[in-house]
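No gaps in the numbering here: position 214 of the sequence shown is 545 in the numbering used here, and each next residue is one more. Note that CB positions come from ideal geometry on N, CA and C, so glycine has one too.
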Amino acid sequence: MDAFFASVEQLTRPTLRGRPVLVGGLGGRGVVAGASYESRVYGARSAMPMHQARRMVGASAVVLPPRGVVYGVASRRVFETVRTLVPVLEQLSYDEAFGEPAELAGASADEVDEFCRVVKARVLSETGLVSSIGAGSGKQLAKIASGLAKPDGIRVVRRDEERSLLDGLPVRRLWGIGPVAGEKLHRLGVETIGAFAALTETEAADILGGTVGPALHRLARGIDDRPVAENAPAKQISAESTFPADLTTLDQLREAMGPIGEHAHARLLKDGRGARTVTVKLKKSDMSTLTRSATLPYATTDAGTLIATARRLLLDPVEVGPIRLLGVGFSGLSEVQQESLFPDLDLMAADDVAHTGPPPTVTDLAATPPAWRIGDDVLHPDYGHGWIQGAGHGVMTVRFETRASGPGQARTFPDDTPGLDRANPVDSLDWPDYVAELARYQSTP
Numbered sequence: 332m333d334a335f336f337a338s339v340e341q342l343t344r345p346t347l348r349g350r351p352v353l354v355g356g357l358g359g360r361g362v363v364a365g366a367s368y369e370s371r372v373y374g375a376r377s378a379m380p381m382h383q384a385r386r387m388v389g390a391s392a393v394v395l396p397p398r399g400v401v402y403g404v405a406s407r408r409v410f411e412t413v414r415t416l417v418p419v420l421e422q423l424s425y426d427e428a429f430g431e432p433a434e435l436a437g438a439s440a441d442e443v444d445e446f447c448r449v450v451k452a453r454v455l456s457e458t459g460l461v462s463s464i465g466a467g468s469g470k471q472l473a474k475i476a477s478g479l480a481k482p483d484g485i486r487v488v489r490r491d492e493e494r495s496l497l498d499g500l501p502v503r504r505l506w507g508i509g510p511v512a513g514e515k516l517h518r519l520g521v522e523t524i525g526a527f528a529a530l531t532e533t534e535a536a537d538i539l540g541g542t543v544g545p546a547l548h549r550l551a552r553g554i555d556d557r558p559v560a561e562n563a564p565a566k567q568i569s570a571e572s573t574f575p576a577d578l579t580t581l582d583q584l585r586e587a588m589g590p591i592g593e594h595a596h597a598r599l600l601k602d603g604r605g606a607r608t609v610t611v612k613l614k615k616s617d618m619s620t621l622t623r624s625a626t627l628p629y630a631t632t633d634a635g636t637l638i639a640t641a642r643r644l645l646l647d648p649v650e651v652g653p654i655r656l657l658g659v660g661f662s663g664l665s666e667v668q669q670e671s672l673f674p675d676l677d678l679m680a681a682d683d684v685a686h687t688g689p690p691p692t693v694t695d696l697a698a699t700p701p702a703w704r705i706g707d708d709v710l711h712p713d714y715g716h717g718w719i720q721g722a723g724h725g726v727m728t729v730r731f732e733t734r735a736s737g738p739g740q741a742r743t744f745p746d747d748t749p750g751l752d753r754a755n756p757v758d759s760l761d762w763p764d765y766v767a768e769l770a771r772y773q774s775t776p
């Protein structure tokens with residue numbers, strides 16, 4: 332799928348079509364989770380610090396927090412549509428999958444191209460979202476081809492052009508060559524896939540290791556016989572970091588949790604499921620490990636809720652000793668998600684073993700719901716479903732629109748306007764029949 336997160340925002344909020352959209356964390360340490368093609372012309376891209384992307388794009392940037400539950404429903408419908416033509420899919424993330432249709436065995440490049448056009452057209456017709464498709468004799472070539480096809484294209488790599496295509500590409504384009512491996516090869520003057528393929532298998536093993544080196548060397552030579560197979564879903568998604576110097580205060584740990592939690596959250600978004608349980612791992616300077624967990628009332632992808640829960644689980648190094656490694660894991664993964672309407676209630680309801688003293692009452696918390704923020708979905712009794720374009724100083728501007736409405740009108744209200752309530756973000760997709768059927772399916776024992 333092309334620029335999936337940003338494309339879903341542009342689909343459900345038609346005013347944003349053609350505008351540079353950045354999806355990701357809004358805080359000082361926020362990271363770009365998705366960038367529309369209109370923002371990429373300025374150099375913005377996924378995984379970039381949000382402050383850097385905003386500077387690149389300038390005043391025209393539209394910055395929105397992720398709506399994981401909406402992307403999850405859209406992703407599910409996309410791949411259910413693809414499965415009507417390609418029954419077996421190896422799904423890598425919200426927006427990417429491999430398929431190996433039996434009817435294309437031995438097909439010509441023209442026949443493969445026509446099949447891809449049918450898939451693209453059906454996805455666009457069913458969802459309104461644009462895809463790019465790459466095809467080749469193996470997963471490696473198909474993945475490279477899909478990158479070359481973007482945006483909104485098809486690229487079929489014929490057998491007789493495989494070597495010429497691979498040989499001229501930067502070695503980092505080889506799936507499995509990351510920054511560390513890329514730097515090792517760069518120091519040896521190996522800059523292209525062709526140069527890597529020209530090494531002996533022994534040389535590849537010496538540089539990249541006895542297992543990884545030969546496997547990547549085979550891919551560089553166009554040898555890729557890995558089958559397409561349905562993935563077993565991961566049971567936990569996590570991230571961790573070892574510090575150059577041990578952390579000795581609770582404030583240091585809380586600050587370190589920010590980027591580690593956001594890294595784990597980015598992986599959660601790519602997975603496409605929400606998490607119900609948060610686990611924090613602390614490795615002490617003596618190499619012993621402490622773990623603590625908390626369970627929320629329901630699965631969510633809300634970064635604020637998940638990372639705040641992780642911070643509440645931290646232990647004070649003054650009491651337990653210096654910390655050399657910090658990790659956070661999300662488990663209890665489920666496609667059944669709920670956007671948080673009252674995050675403070677979620678945190679209170681978590682099984683937070685670190686809490687001491689009497690907790691605030693539900694009444695106290697519910698009486699002061701979180702402030703409106705840009706990107707929130709709202710519902711008005713007269714104007715219907717909308718989203719907040721601006722908020723502050725006691726007022727908010729709401730654009731009333733959904734996927735099916737076309738660009739909508741913006742109206743400004745006091746933020747305590749009676750009848751203006753938080754809405755289910757999924758309703759912005761305006762797929763009532765599909766969402767109702769999905770709810771019935773997920774509620775079936």
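Expected contact under 8 Å - CB spacing of V502 and T523 to nearest Å
Indeed, because the Cβ distance is near 6 Å, the residues count as touching under 8 Å.
Would you kindly work out how many angstroms separate the C-alpha atoms of W703 and D752, rounded to a whole number?
Taking the CA atoms as reference points, W703 sits about 10 Å from D752.
Nearest residue (CA-CA) to G403, options E340, A741, T533, D537
The closest CA to that of G403, considering only E340, A741, T533, D537, is found on E340.
Please state whether DSSP places Y777 in a helix, a strand or coil.
Since the displayed the chain opens at 332 and closes at 776, residue 777 lies outside it and no answer follows.
Can you tell me whether V521 is helix, strand or coil according to DSSP?
It is coil, neither helix nor strand.
To the nearest angstrom, how far is the alpha carbon of T640 from that of A384?
Whole-angstrom Cα-Cα distance: 28 Å.
Measure the C-alpha to C-alpha separation of E421 and E431 and round it to an integer number of angstroms.
Between the alpha carbons of E421 and E431 lies a gap of roughly 9 Å.
Just tell me which of I508, A473, A512 has its CA closest to the CA of E493.
Selected option, being the one with the closest Cα: A473.
By the DSSP assignment, the alpha helix (DSSP H) with S424 in it spans what residues?
That residue, S424, is in no alpha helix (DSSP H); its beta strand (DSSP E) goes 420-424.
Among R453, G389, A438, which one has its Cα closest to the Cα of T805?
No answer is possible for residue 805: it lies beyond the span of the chain, which begins at 332 and ends at 776.
Since T610 contacts S662 with CB under 8 Å, what's their CB separation in whole angstroms?
That pair is a contact at about 7 Å.
What are the boundary residues of the alpha helix (DSSP H) that K470 is part of?
Taken as a continuous stretch (DSSP letters only), the alpha helix (DSSP H) holding K470 covers 470-480.
List the DSSP bridge partners of E427.
DSSP output for E427 lists S424 as bridge partner(s).
Given S616, which residues of its chain have a CB within under 8 Å of its CB, disregarding the five upstream and five downstream residues?
Scanning its chain for C-beta atoms nearer than 8 Å, with the 5 sequence neighbours on each side dropped, one finds around S616 the residues D577, G652, P653, I654, R655, in chain order.
CB-CB under 6 Å to H711, same chain, minus the five flanking residues each way: which ones, in chain order?
Non-local C-beta neighbours of H711 in its own chain, meaning closer than 6 Å and more than five positions away in sequence, comprise L751, ordered along the chain.
Quick check on the burial criterion: 16 or more other C-beta atoms within 10 angstroms. Buried or exposed for I301?
This structure does not reach residue 301, given that the chain is present from 332 up to 776, and the question cannot be answered.
Where does A587 sit, in a helix, a strand or coil, going by DSSP?
For A587, the three-state secondary structure derived from DSSP is helix.
When DSSP labels each residue in this structure, what does D444 get in the three-state scheme?
Three-state result, D444: helix.
Let me check one thing: in DSSP terms, what residues is I654 bridge-paired to?
Under DSSP, the beta-bridge partners assigned to I654 are L578, K615.
Under the three-state reduction of DSSP, which class applies to R734: helix, strand or coil?
Assigned with DSSP and collapsed to three states, R734 falls in coil, not helix or strand.
Restricting to runs no shorter than 4 residues, where is the alpha helix (DSSP H) found entirely within the segment 340-411?
Within the segment 340-411, the complete alpha helix (DSSP H) runs of at least 4 residues are 368-371, 381-388.
Suppose contacts are defined by Cβ-Cβ distances below 7 Å. Is D333 in contact with P482 by that definition?
Remark: C-beta atoms of D333 and P482 approach each other more closely than 7 Å.
Would you call the segment 359-368 and the segment 592-609 touching, i.e. three or more CB-CB distances under 8 Å?
Yes, the segment 359-368 touches the segment 592-609.
Taking G459 and L342 to be in contact with their CB atoms under 8 Å, please state how far apart those CB atoms are, rounded to whole angstroms.
Contact between G459 and L342 is confirmed by a C-beta separation of about 5 Å, below the 8 Å threshold.
Does DSSP put S463 in a helix, in a strand, or in coil?
The answer is coil: DSSP assigns S463 none of H, G, I, E or B.
Return the first residue and the last residue of the alpha helix (DSSP H) that V543 is part of.
Unbroken alpha helix (DSSP H) run through V543: 543-551.
Excluding sequence positions up to five away, which residues of its chain have a Cβ less than 6 Å from the Cβ of A587?
Short of 6 Å from the beta carbon of A587, and not among the five residues preceding or following it, lie these beta carbons of its own chain, in chain order: L657.
Buried or exposed (CB count within 10 angstroms, at least 16 for buried), R426:
Arg is not the amino acid found at residue 426; the sequence shown has Asp there. Here D426 is buried: its Cβ has 16 or more other Cβ atoms, across all protein chains shown, within 10 Å.
Between A480 and R486, is the Cβ-Cβ spacing less than 7 Å?
With respect to the 7 Å criterion, A480 and R486 are classified as neighbours on the basis of their beta carbons.
Whole angstroms are fine: how far does the CA of E457 sit from the CA of T412?
Looking at the two C-alpha atoms, the distance is approximately 7 Å.
Please report the Cβ distance between T626 and R607, rounded to the nearest whole angstrom; I am assuming they are in contact, meaning their Cβ atoms lie under 8 Å.
That pair is a contact at about 6 Å.
Work out the CA separation of A476 and F731 for me, nearest whole Å.
CA-CA distance, F731 to A476, rounds to 39 Å.
Excluding sequence positions up to five away, which residues of its chain have a Cβ less than 7 Å from the Cβ of G356?
Correct list, in chain order: V362, M381, E593, A634.
Own chain partners of R350 with C-beta closer than 8 Å, once the 5 adjacent residues on each side are dropped
Q341, S367, E369, S391, V393.
Secondary structure of D708, DSSP reduced to three states
In the structure shown, the three-state DSSP call for D708 is strand.
For I485, three-class secondary structure by DSSP
In the displayed model, I485 falls within a strand according to three-state DSSP.
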